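Using the numbering used here, the first residue of the sequence shown is number 3, and each one after it goes up by one.
Beta carbons: idealized from backbone N, C-alpha and C, even for Gly.
Given the structure is predicted, the values throughout are model-derived calculations rather than measurements.
Here's the structure we're looking at; comments come further down.
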Amino acid sequence: MLKEGLSSIQAQLSVAIDETEARQILKTEVADLSQRITADPKGKAMFNEKPAAGVEAKLCEKFNTFMGCSGQQYTTKTDENGEYLFKNVDPKDYEGLIVRVFNTPSYIFAAQSLGISAAKYKIEADKTFFAPATNLFKSDVKVQSPKANAKVDAKTLEIKWDAYPDAAYYKISLFPKEVKVSSPYINEKVEGNSFKAEKPLVNGEYRLKIDAFNANDIKLSQLNED
Numbered sequence: 003m004l005k006e007g008l009s010s011i012q013a014q015l016s017v018a019i020d021e022t023e024a025r026q027i028l029k030t031e032v033a034d035l036s037q038r039i040t041a042d043p044k045g046k047a048m049f050n051e052k053p054a055a056g057v058e059a060k061l062c063e064k065f066n067t068f069m070g071c072s073g074q075q076y077t078t079k080t081d082e083n084g085e086y087l088f089k090n091v092d093p094k095d096y097e098g099l100i101v102r103v104f105n106t107p108s109y110i111f112a113a114q115s116l117g118i119s120a121a122k123y124k125i126e127a128d129k130t131f132f133a134p135a136t137n138l139f140k141s142d143v144k145v146q147s148p149k150a151n152a153k154v155d156a157k158t159l160e161i162k163w164d165a166y167p168d169a170a171y172y173k174i175s176l177f178p179k180e181v182k183v184s185s186p187y188i189n190e191k192v193e194g195n196s197f198k199a200e201k202p203l204v205n206g207e208y209r210l211k212i213d214a215f216n217a218n219d220i221k222l223s224q225l226n227e228d
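Right under this line is the structure:
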């Protein structure tokens with residue numbers, strides 16, 4: 003009788019242990035599953051306030067202005083409404099969200115429209131992440147005169163360029179190569195497609211910058227400085 007009772011206790015104990023192990027395994031499997039939950043962040047790309055269809059968007063775990071994307075990366079394209087969606091993204095912080103300028107090698111940060119050159123994006127599994135709309139701009143403003151590397155008289159300097167489609171105004175900047183020299187022309191607003199320098203310029207080399215904007219202050223294009 004003692005042996006039979008002992009055997010029964012051992013059987014009950016064995017069952018209890020098995021149930022405990024099963025619960026532990028179940029907890030482990032649930033924990034592993036929660037770590038595999040993904041997110042689907044989305045955003046939108048525009049050009050001249052119209053949807054930019056068929057352009058590439060990329061989400062980068064690590065990002066460097068000079069080296070580009072590294073680490074975990076996700077790539078997708080915008081639909082006919084200019085909207086893009088990254089599917090099955092691992093929840094974590096990402097350093098880069100960029101959109102290609104159509105079929106060029108240039109990219110624009112999604113947060114650049116907010117005045118930020120780069121930003122970190124926290125992607126969470128239980129929250130919908132909407133990236134700020136990216137306003138694409140091109141680099142195809144064409145200068146008529148003066149030509150690149152031309153020597154001009156600072157007293158009679160006049161800059162002319164081709165009128166850009168849908169541009170309501172431009173911003174002109176002249177950046178001196180000499181760091182100790184201050185320029186009187188930084189983001190000078192011009193409503194036509196020519197500009198005469200009336201303020202005195204110190205002799206030296208300058209880098210010209212021209213940006214084109216529409217009537218709602220959205221940047222359309224800039225001078226190609228390559």
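Tell me the residue span of the beta strand (DSSP E) that contains residue i.
i, result
"I220", "Here I220 belongs to no beta strand (DSSP E), and DSSP marks it neither H nor E."
"A47", "K44 to F49"
"P178", "Y171 to P178"
"T78", "G70 to K79"
"K191", "E190 to V192"
"I39", "Unbroken run through I39: none, as it is neither H nor E."
"N66", "E58 to N66"
Taking the alpha-carbon positions, what's the residue i to residue j distance?
i, j, result
"A59", "L99", "7 Å"
"K182", "N205", "12 Å"
"I212", "V57", "25 Å"
"P93", "K124", "8 Å"
"P202", "Y76", "50 Å"
"F139", "K79", "17 Å"
What does a CB cutoff of less than 8 Å around residue i pick up in its chain, not counting 5 residues either side in sequence?
i, result
"K122", "D95, Y96 and E97"
Closer than 6 Å by C-beta to residue i: which residues in its own chain qualify, once you throw out the five before and the five after it? Chain order, please.
i, result
"E252", "Because the chain spans 3 through 228 in this model, residue 252 falls outside it and cannot be assessed."
"E63", "G73, Q74 and Y96"
"I27", "Any reading at I27 must be qualified, since the residue scores a pLDDT of 46, below 50, and its modelled position is unreliable; the value itself is stated next. Excluding residues within five positions, none has a Cβ falling inside 6 Å."
"Y129", "Before going on, a small fix: residue 129 reads as Lys here, not Tyr. Closer than 6 Å at the Cβ level, and outside the excluded window around K129, lies no residue."
According to DSSP, which residues form a beta bridge with residue i?
i, result
"Y86", "G45"
Using a Cβ-Cβ cutoff of less than 7 Å, which residues in the same chain neighbour residue i once the five nearest sequence positions on both sides are dropped?
i, result
"K29", "Because K29 carries a pLDDT of 49, less than 50, the predicted location of this residue cannot be relied on, and the following value inherits that uncertainty. So no residue of the chain qualifies."
"A169", "A214, F215, N216 and L222"
"Y166", "V143, A214, L222 and S223"
Can we count residue i as close to the ligand NAD, meaning its CB is less than 7 Å from some heavy atom?
i, result
"F104", "In the structure shown, the ligand NAD is absent, as is every other ligand, since no ligand is present at all."
Length at least 3, wholly inside the region 107 to 152: the beta strand (DSSP E) runs in chain order: Scanning the region 107 to 152 for uninterrupted beta strand (DSSP E) segments of 3 residues or longer gives 109 to 111, 123 to 125, 136 to 138, 140 to 143 and 145 to 147, listed from N- to C-terminal end.
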